[in-house]
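Presented below is the structure to which this report refers.
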Amino acid sequence: MHNITRRQFFAGVSALALMPGIARATEIRELRAGPAKVQVAPAEYPQTDVWAFDGAVPGTMIRVGQGARVQRRLVNALKQDTAVHWHGLRIDNAMDGVPGLTQDAVKPDGDFLYDFTVPDAGTYWYHSHNQSTEQVARGLYGVLIVDEPNAPEVDHDIVVLMDDWRLTQQAQIADDFGQIHDWSHGGRLGNYIHARLFPDVQAVQKNQRLRLRFVNTATDRIMQFGLRGMTGHIVALDGMPLQQPMAAETMVLAPAQRVDFIVDITGDVGEKAQFLIQDRDQVFILSEIPITGQQSANPRDQVAALPPNPIAYLSDVSTARTAELRMTGGAMGGLRKAVYNGQEMDANELIENGQIWAFNGVAGMPDEPLSVVGKGETLRIPIVNDTVFPHAMHIHGNHFQEVRQDGTLGPLRDTILVQPNETREIAFIGENPGEWLFHCHMLSHQAAGMRTWVRVEA
Ligand SMILES: [Cu+2]
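Here this note's numbering is used: the first residue of the sequence shown is 36, the next is one more, and so on.
Take a look at the structure:
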């Protein structure tokens with residue numbers, strides 16, 4: 036791991052983000068997936084051959100107001116099929132970007148019009164959802180911000196994008212996708228972790244207030260990070276505002292999770308505001324901003340909650356129906372047998388098919404959904420992790436709340452990290468009709484069996 040300087044990436048991104056967000060019907064903007072060369076590693080290394088949206092990693096930031104219509108014509112300039120998933124957005128099922136469930140994969144030289152309205156403000160992202168272990172690892176992702184009509188006043192609003200790359204000595208992406216050892220353990224972990232800031236703020240002042248939008252775009256790595264020289268509160272998780280801001284200076288983000296902080300610079304002039312990451316018992320500085328002056332002598336006011344999104348919170352879940360999801364497989368927990376593509380297979384046959392994990396005894400997509408949820412019905416899903424690895428379970432198109440063991444309900448989220456041999460229960464209300472993927476967002480685990488789906492009735 037390296038201590039990275041902050042200046043190496045894409046001075047053009049913030050300028051692009053300021054272009055008008057509403058395309059006229061006659062000129063729908065393209066989102067081009069194709070090969071590109073970008074500077075991933077520090078400046079002393081060569082550029083990296085990547086697959087990118089609009090030639091940049093992350094792809095062009097999409098930033099719109101709450102309730103806006105987003106239109107992008109995906110153009111596939113790759114040699115593989117692709118599709119785009121809009122992670123965390125409660126949009127039309129047909130726009131969700133899951134080949135085989137919500138659309139056909141987009142062939143090379145093909146295109147697909149994504150056209151949807153964003154109901155919720157918050158920090159989201161988009162990424163390839165086809166051969167995603169490879170396509171996301173090669174750079175096919177970008178950030179999507181939906182602004183509140185009355186956003187809180189801050190001095191800087193910064194996306195902190197955290198990623199994990201597996202690079203060769205020449206800073207090229209290691210071409211070793213689909214290794215059984217990775218897939219059966221914690222996934223394909225990289226050797227180059229970094230955090231990049233958009234915009235690339237060069238200096239801050241003591242007592243300035245920052246909104247920090249952390250996004251973990253890694254395919255498989257859980258990031259445990261901390262802040263130094265700033266103190267503040269978590270105000271949103273996975274895009275959704277907390278009803279009550281929560282004081283925090285550290286956080287664990289599983290792949291695909293997001294957290295919004297509002298922090299004040301409390302370090303002294305001459306010090307630095309730092310973004311730290313913990314890896315086992317070591318702490319690394321991922322990024323830092325010099326504190327070059329003092330904005331005011333006084334600390335700022337209390338951090339207020341963000342305005343709520345138009346989503347119903349759970350109330351009483353005691354009479355709700357339950358559909359258990361039991362996870363099995365992986366190294367040290369080997370699957371003896373499971374159903375794959377409708378056939379019962381033993382361990383050898385499963386491994387020949389690249390399948391190492393199962394949900395309720397089925398590896399890969401089952402024909403039948405985990406459950407069918409009526410309109411307005413609440414479904415509880417106890418997630419039983421019968422493996423010795425953590426898993427980050429993500430449901431498409433819906434947010435859920437955790438039903439904690441003491442019966443209290445957690446914040447709204449779209450991805451939950453379930454530790455080894457742990458059971459965590461979630462529940463959600465069937466508000467958004469469609470067929471929604473429900474899978475592990477360690478993308479290696481997803482590819483190796485951890486996929487299912489739910490149907491929400493109209
Ligand atoms: Cu997993």
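For glycine and all other residues, C-beta sits at the position ideal for the given N, C-alpha and C. Source: prediction; values computed, not measured.
If you keep only unbroken beta strand (DSSP E) runs of at least 3 residues inside the stretch 406 to 452, you get 406 to 408, 413 to 420, 426 to 430, 435 to 438, 444 to 448.
Beta-bridge annotation (DSSP): Gln317 is paired with Asp314. When secondary structure is reduced to three states using DSSP, Asn388 falls in the coil class, being assigned neither helix nor strand.
Around the Cβ of Ile215, a 10 Å sphere holds fewer than 16 other Cβ atoms; the residue is exposed. In the structure shown, Thr168 adopts helical secondary structure according to DSSP, grouped into three states. With contact defined as three or more Cβ pairs closer than 8 Å, the stretch 410 to 421 and the stretch 460 to 477 are in contact. In its chain, beyond the 5 residues on either side, Pro468 have a beta carbon closer than 6 Å to the beta carbon of Ala493. Taking a 10 Å sphere around the C-beta of Asp131, we find 16 or more other C-beta atoms and assign the residue as buried. DSSP places Asn111 in the strand class (E or B) of the three-state scheme. DSSP places Met130 within a helical segment (H, G or I) once states are collapsed to three. Put simply, the stretch 175 to 182 does not touch the stretch 136 to 149. Fewer than three CB pairs are less than 8 Å apart. Residues of the same chain with a CB within less than 7 Å of the CB of Asn185, apart from the 5 flanking positions on each side, are Pro342 in chain order.
With the rule of 3 Cβ pairs closer than 8 Å, the stretch 220 to 230 counts as touching the stretch 189 to 202. Cβ atoms of Arg415 and Glu437 stay farther apart than 8 Å, at about 11 Å.
Cβ-Cβ distances below 7 Å link Ala76 to Thr83, Leu202, Ala206, Tyr227 in the same chain, with the five nearest sequence neighbours on each side left out; the list follows chain order. In the DSSP secondary-structure assignment, Ile326 is bridged to Val239.
The Cβ neighbour count for Met477, taken over all protein chains shown within 10 Å, is at least 16; the residue is labelled buried. Counting only residues whose CB is nearer than 6 Å to a non-hydrogen atom of ligand 1, the list in chain order is His426, Cys475, Met477, His480, Met485.
The Cβ-Cβ distance between Gly264 and Ala332 does not fall below 8 Å. Here DSSP, grouped into helix, strand and coil, assigns Leu277 to strand. Per DSSP, His162 is not a residue of any alpha helix (DSSP H); the beta strand (DSSP E) it occupies stretches across 157 to 163.
Excluding its 5 nearest sequence neighbours in each direction, Pro425 has C-beta neighbours in its own chain below 7 Å: Ile257, Leu452, Val453, Gln454, Pro455, listed in chain order.
Your pair Val270 and Phe233 does not check out as a contact, with CB atoms roughly 19 Å apart and the cut at 8 Å.
By alpha-carbon distance to Arg371, the top candidate from Ala129, Ala398, Leu247 is Ala398. Per the coordinates, the alpha-carbon of His164 lies some 6 Å from the alpha-carbon of Val119. Contact annotation: Val304 and Gly267 have beta-carbon atoms that are not nearer than 8 Å. Taking 8 Å as the upper bound for CB-CB distance, Met275 and Asp155 are in contact here, some 7 Å apart. In terms of CA proximity to Gly484, Gly389 leads the group Thr285, Lys114, Ala358, Gly389.
Residue state for Ile300 is assigned as strand, using DSSP reduced to three classes. DSSP places Gln481 in the uninterrupted alpha helix (DSSP H) bounded by 478 to 482. By the Cβ neighbour-count rule, Leu247 is buried, with 16 or more other Cβ atoms within 10 Å of its own. Closest in alpha carbon position to Thr450, among Arg315, His434, Gln259, is His434. Close CB contacts of Lys114 within its chain, under the 8 Å cut and outside five residues either way in sequence, are with Pro143 (chain order). For a cut-off of 8 Å, the C-beta gap from Ala87 to Leu175 is around 7 Å, short enough to register as a contact. With a threshold of 16 other beta carbon atoms within 10 Å, Lys241 meets it and is buried. When DSSP states are grouped into helix, strand and coil, Asp199 belongs to the strand group.
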